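Asker:
There are 2 protein chains.
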Amino acid sequence: MLSTVPSTTPLTESAVLAAIAPEGGRPGGGTDASDTAVRIMLAAADAFAANGFPATTTRDIASRAGLSPAGVYVHFASKEILLFELSRRGHARARDLLVEASRDAATATEALRAIIGGFSRWHAEHHQLGRIVQFEFRHLSEDHQVEVLGLRKEIDHVVADVLSDGVASGEFEVDDVRTTALALLSMAIDVARWYVPGARRTPEAIEAEYGELAVRLVRRTG
Amino acid sequence: MLSTVPSTTPLTESAVLAAIAPEGGRPGGGTDASDTAVRIMLAAADAFAANGFPATTTRDIASRAGLSPAGVYVHFASKEILLFELSRRGHARARDLLVEASRDAATATEALRAIIGGFSRWHAEHHQLGRIVQFEFRHLSEDHQVEVLGLRKEIDHVVADVLSDGVASGEFEVDDVRTTALALLSMAIDVARWYVPGARRTPEAIEAEYGELAVRLVRRTG
DNA sequence: GTCTATATCCTGATAGAC
DNA sequence: GTCTATCAGGATATAGAC
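Chains as they are written, first to last, in the working numbering: chain A, 158 to 379; chain B, 158 to 379.
1) Please name the residue in B:Arg350, B:Ala345, B:Val353 and B:Pro354 whose C-alpha comes closest to that of Glu369 (chain B).
2) In chain order, what residues of the stretch 198-230 of chain B put their CB closer than 7 Å to some CB of chain A?
3) In three-state DSSP terms, what is Phe329 (chain B)?
4) Using 8 Å as the threshold, is the stretch 230-246 of chain B in touch with the stretch 296-307 of chain B, meaning 3 or more CB pairs across them?
5) With a threshold of 8 Å between beta carbons, is Asp333 (chain A) in contact with chain B?
6) For a test of the three-state rule: what should DSSP assign to Arg252 (chain B), helix, strand or coil?
7) Could you check whether the Cβ of Ala349 (chain B) sits closer than 8 Å to any Cβ belonging to chain A?
8) Please confirm whether Glu369 (chain A) has its beta-carbon closer than 8 Å to some beta-carbon of chain B.
9) Below 8 Å between beta carbons: does that hold for Arg252 (chain A) and Glu304 (chain A)?
10) Contact defined as beta carbons within less than 8 Å: I believe Leu269 (chain B) pairs with Gly323 (chain B). What is the distance between those atoms, to the nearest angstrom?
11) In whole angstroms, what separates the C-alpha of Asp192 (chain A) from that of Val229 (chain A)?
12) At what residue ranges does the stretch 294-376 of chain A contain a whole run of the alpha helix (DSSP H), taking only runs of 4 or more?
13) Please tell me whether Gly287 (chain A) and Ala349 (chain A) are closer than 8 Å, where the distance is taken between their beta carbons.
14) What would DSSP say about Ser259 (chain A), mapped onto helix, strand or coil?
15) Evaluate the contact criterion for the stretch 205-224 of chain B versus the stretch 198-212 of chain A: three or more CB pairs, one atom per stretch, below 8 Å.
16) Ala367 (chain B) and Gly274 (chain B): beta carbons closer than 8 Å?
17) Where does the unbroken alpha helix (DSSP H) through Leu269 (chain B) begin, and where does it stop?
18) Which residues bound the alpha helix (DSSP H) around Ala204 (chain A)?
19) Can you pull out the residues from the stretch 235-248 of chain A whose beta carbon lies closer than 8 Å to at least one beta carbon of chain B?
20) Mind checking the stretch 276-292 of chain A against chain B and listing, in chain order, the residues whose C-beta falls within less than 8 Å of any C-beta there?
21) Who are the Cβ neighbours of Glu328 (chain B) in its own chain at under 6 Å, not counting the five residues just before and after it?
22) Reducing DSSP to helix, strand and coil, say where Phe233 (chain B) ends up.
23) Spell out whether any CB of chain A is found under 8 Å from the CB atom of Ile346 (chain B).
24) Arg250 (chain B) and Ile363 (chain B) - do their beta-carbons sit closer together than 8 Å?
25) Determine the contact status of Arg196 (chain B) and Ala222 (chain B), defining contact as a CB-CB distance below 8 Å.
26) Along chain B, in chain order, which residues have C-beta atoms closer than 7 Å to that of Ser343 (chain A)?
27) For Leu174 (chain B), collect the residues of the same chain with a Cβ closer than 7 Å to its Cβ; drop the 5 residues on either side in sequence, then sort them by chain order.
28) Locate the alpha helix (DSSP H) running through Asp189 (chain B), then write down its first and last residues.
29) Going straight from the alpha carbon of Ser259 (chain B) to that of Leu342 (chain B), what length do you get?
30) So is Ala340 (chain A) in contact with chain B if we call contact Cβ pairs under 8 Å?
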């Protein structure tokens, strides 16, 4: 809810793990990572989510990972690289979920419900990682911003394509596909800003409600 | 657009000034501020928007305001107080705009178009201040978070009341008023995250498009 | 590959002259 | 009310032993 203080509860490891874990050679996936590197990434995600990137110290990351400060630098050359790895993996994982959900749907209506509902749920379940990838973007280096932007554009296109399909099939009525896609993504992304675990809305309820709102927004006038 | 690098262009002073300037005794408004205090607030807004609160140094704020670091502390006891003043004034101003727009409308449909369009436009025109109030919230002290939350709740209520009015009058069809209000606010708030001045969408176009999307989301099925 | 120790620099905030 | 000078602590990252 807009009027809720974001939680600073530590991540359960599994919550972020599902979104950054080694990706097993999937196309477009990233490189593998050692157990210690993964542990450091989870610790960094925890710290970045709780305090934001600039306010997070390498000592904090190291101690959460059970290492000395110097131990982190064996696996990651800088704090910024850690942010980049989390951003890249998080974006790639979210994109993969959207692409799969869109491909599995029989109609544009079902596809839209699935991708917006799913994307909203992802930003609830992975709200810590969601905040990092959406709100710490500016702290990436220029090169890394460009790379992450490529992934964001892919996400934009999945949504825009579903809207175009629905317009073509006569299921949807949309004034401007790109503006509508942007607004739908905003709805889902903003979940990461206001979501608190254990509050009134569960991720499953958010998925159902936001999927339905998306369909309402584009349905034809009778 | 989701896929756009946020600008780091310095604020024109007037852009933020309209949203934080001394409020002339309006009910609910804040206390007055000296010229120098306003200049420091504008400098801080510029710096916070460009780099985020924790990454902004008091030296940066001071030099943007044409002062020595020590000169800032005559007017503000801490960096956090500066963030709070910007947050409080920004929230209060946005709330006032919503309340006025809602009061001036003849029907719930017109009210919804006006408040969501206006709120979206506000987050474009004042996107720097918008980013500060929406995304630096966690860096406020606990007491100050509580105070800002009060203003946020007022904003929530303006939207929820308009939706309830429209349901009562038969103009709207809404499954869950609070969820729909939240989603509409998310659409508008997220504008501050992706908006870049000079891009394809103007604040005026955003106002028209998002106002229309809001009405589409709640209109009755024929 | 992890540690202890540290280099080098920067931080928010304050003291006290004017 | 603004300045210069500075305190006391913390930042990222590295050097070198093991």
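Beta carbons: idealized from backbone N, C-alpha and C, even for Gly.
Note that the structure is a prediction, hence the values are computed from the model and not measured.
Answerer: The short version:
1) Here the closest residue by C-alpha is B:Ala345.
2) Gly209, Pro211 and Ala212
3) strand
4) Contact holds: three or more Cβ-Cβ distances are below 8 Å.
5) yes
6) In this structure, Arg252 (chain B) counts as helix in the three-state DSSP scheme.
7) no
8) yes
9) no
10) 6 Å
11) 13 Å
12) For the stretch 294-376 of chain A, the continuous alpha helix (DSSP H) assignments of 4+ residues that do not extend past its boundaries occur at 299-326, 334-346, 348-351 and 360-375, in sequence order.
13) yes
14) helix
15) yes
16) Note on identity: in this sequence residue 367 (chain B) is Tyr, with Ala being the wrong assignment. For the 8 Å CB-CB criterion, Tyr367 (chain B) and Gly274 (chain B) form a contact.
17) It spans Ala265 to Glu282 - the alpha helix (DSSP H) in which Leu269 (chain B) sits, taken as one unbroken run.
18) Asp192 to Asn208
19) none
20) Gln291 and Phe292
21) Ala265 and Thr266
22) In this structure, Phe233 (chain B) counts as coil in the three-state DSSP scheme.
23) yes
24) no
25) yes
26) Under the 7 Å cutoff, chain B gives Ser343, Met344 and Asp347.
27) Leu199
28) Here Asp189 (chain B) belongs to no alpha helix (DSSP H), and DSSP marks it neither H nor E.
29) 15 Å
30) yes
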